[in-house]
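Beneath this line is the structure, given in structure tokens, with notes to follow.
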Amino acid sequence: NAGVTQTPKFQVLKTGQSMTLQCAQDMNHEYMSWYRQDPGMGLRLIHYSVGAGITDQGEVPNGYNVSRSTTEDFPLRLLSAAPSQTSVYFCASSYSMRVESPLHFGNGTRLTVT
Amino acid sequence: DQQVKQNSPSLSVQEGRISILNCDYTNSMFDYFLWYKKYPAEGPTFLISISSIKDKNEDGRFTVFLNKSAKHLSLHIVPSQPGDSAVYFCAASGSGGSNYKLTFGKGTLLTVNP
Numbered sequence: 001n002a003g004v005t006q007t008p009k010f011q012v013l014k015t016g017q018s019m020t021l022q023c024a025q026d027m028n029h030e031y032m033s034w035y036r037q038d039p040g041m042g043l044r045l046i047h048y049s050v051g052a053g054i055t056d057q058g059e060v061p062n063g064y065n066v067s068r069s070t071t072e073d074f075p076l077r078l079l080s081a082a083p084s085q086t087s088v089y090f091c092a093s094s095y096s097m098r099v100e101s102p103l104h105f106g107n108g109t110r111l112t113v114t
Numbered sequence: 001d002q003q004v005k006q007n008s009p010s011l012s013v014q015e016g017r018i019s020i021l022n023c024d025y026t027n028s029m030f031d032y033f034l035w036y037k038k039y040p041a042e043g044p045t046f047l048i049s050i051s052s053i054k055d056k057n058e059d060g061r062f063t064v065f066l067n068k069s070a071k072h073l074s075l076h077i078v079p080s081q082p083g084d085s086a087v088y089f090c091a092a093s094g095s096g097g098s099n100y101k102l103t104f105g106k107g108t109l110l111t112v113n114p
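As given, the protein sequences belong to chains A and B, one line each in that order.
Its first residue numbered 1, the first sequence is counted upward by one per residue in my numbering.
Its first residue numbered 1, the second sequence is counted upward by one per residue in my numbering.
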């Protein structure tokens, strides 16, 4: 049981490049989400999904796209990377979207945009 | 506007003593609170939670206290162990009780010295 798996662990991009951060969970969780963590700031929600085929924007969605074609996978796409997107990205899932269902986080992807 | 505040960026305690981590919130609609622990190079992990209908919840060495009138909660770790050294995030849910309405604090780095 791997839990939430994020790949890659590290990535360096040049401004304007695109890439996809992968997230997969093997716990059959309905709810999945992406956060970014910046120095001196708490975790901020980028996008979330309450089930396959359903996605919505969080607090800081600009510059990111998501899709949820399967229960297991929730990739995050950067279409045209900007230095402001340098951050550590965490994918998280939970059994349900209810807050009483705690989030399970992956180990993060550290992204640097030059 | 920071709705969940962890005013102490860091805290250092001796092994065996009590660690007290504090969290203040400004939104009176928050009614569910959680603490997550994060080790370096790992994702946050759920530690303990409390609903606003309670003022205390304990799980082993960890106890969370909620003071609704003061909009304040605290996490007590007794006795503290070196393995407790980590960043602790406080999180609160808005109305509706959904994970996509979670607001995280900036975190407090706890160091437990042997």
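Ideal placement from N, C-alpha and C gives every residue a C-beta, glycine not left out.
Boundaries of the beta strand (DSSP E) around histidine 76 of chain B: 72 to 77. Contact annotation: in the segment 89 to 101 of chain A, residues whose CB is within less than 9 Å of a CB in chain B are Phe90, Cys91, Ala92, Ser94, Ser96, Met97, Arg98, Val99, Glu100, Ser101. Within chain B, no C-beta atom comes nearer than 9 Å to that of phenylalanine 74 of chain A; the closest sits roughly 13 Å away. Going by beta carbons, lysine 71 of chain B and serine 52 of chain B fall outside the 8 Å limit. Annotated as distal: tyrosine 31 of chain A and phenylalanine 90 of chain A, with beta-carbon spacing of 8 Å or more. CA-CA distance, glutamine 25 of chain A to threonine 108 of chain B, rounds to 28 Å. Leucine 103 of chain A sits close to phenylalanine 46 of chain B, with the two beta carbons spaced by under 8 Å. Interface residue (Cβ-Cβ distance to chain B less than 8 Å): methionine 27 of chain A is not classified as such. Cysteine 90 of chain B and serine 18 of chain A have their C-alpha atoms some 33 Å from each other.
Here DSSP, grouped into helix, strand and coil, assigns glutamine 85 of chain A to helix.
For threonine 5 of chain A, the closest C-alpha among the options A:Gln22, A:Leu111, A:Leu13, A:Thr15 is that of A:Gln22. In the pairwise beta carbon analysis, the segment 9 to 23 of chain B is classified as touching the segment 76 to 91 of chain B: at least three pairs are separated by under 8 Å. In the DSSP annotation of this structure, the continuous segment of the beta strand (DSSP E) that includes serine 33 of chain A starts and ends at 31 to 37. Every unbroken stretch of the beta strand (DSSP E) spanning 3 or more residues and falling wholly within the segment 44 to 77 of chain A is given here in chain order: 54 to 57, 64 to 66. In the structure shown, the three-state DSSP call for tyrosine 39 of chain B is coil.
If you draw a straight line from the Cα of alanine 92 of chain A to the Cα of proline 114 of chain B, it is about 33 Å long. For the segment 58 to 77 of chain B, no residue has a beta-carbon sitting nearer than 8 Å to a beta-carbon of chain A.
Interface residue (Cβ-Cβ distance to chain B less than 8 Å): tyrosine 64 of chain A is not classified as such.
Using a CB distance cut-off of 8 Å, asparagine 7 of chain B does not count as an interface residue toward chain A. Interface annotation for the segment 34 to 45 of chain A against chain B: Gly40, Met41, Gly42, Leu43, Leu45, criterion Cβ-Cβ distance under 7 Å. Counting C-beta atoms within 10 angstroms of its own C-beta, isoleucine 54 of chain A has fewer than 16 neighbours from the protein chains shown and is therefore classed as exposed. By the CB criterion at 8 Å, serine 12 of chain B and threonine 111 of chain B fall inside the cutoff.
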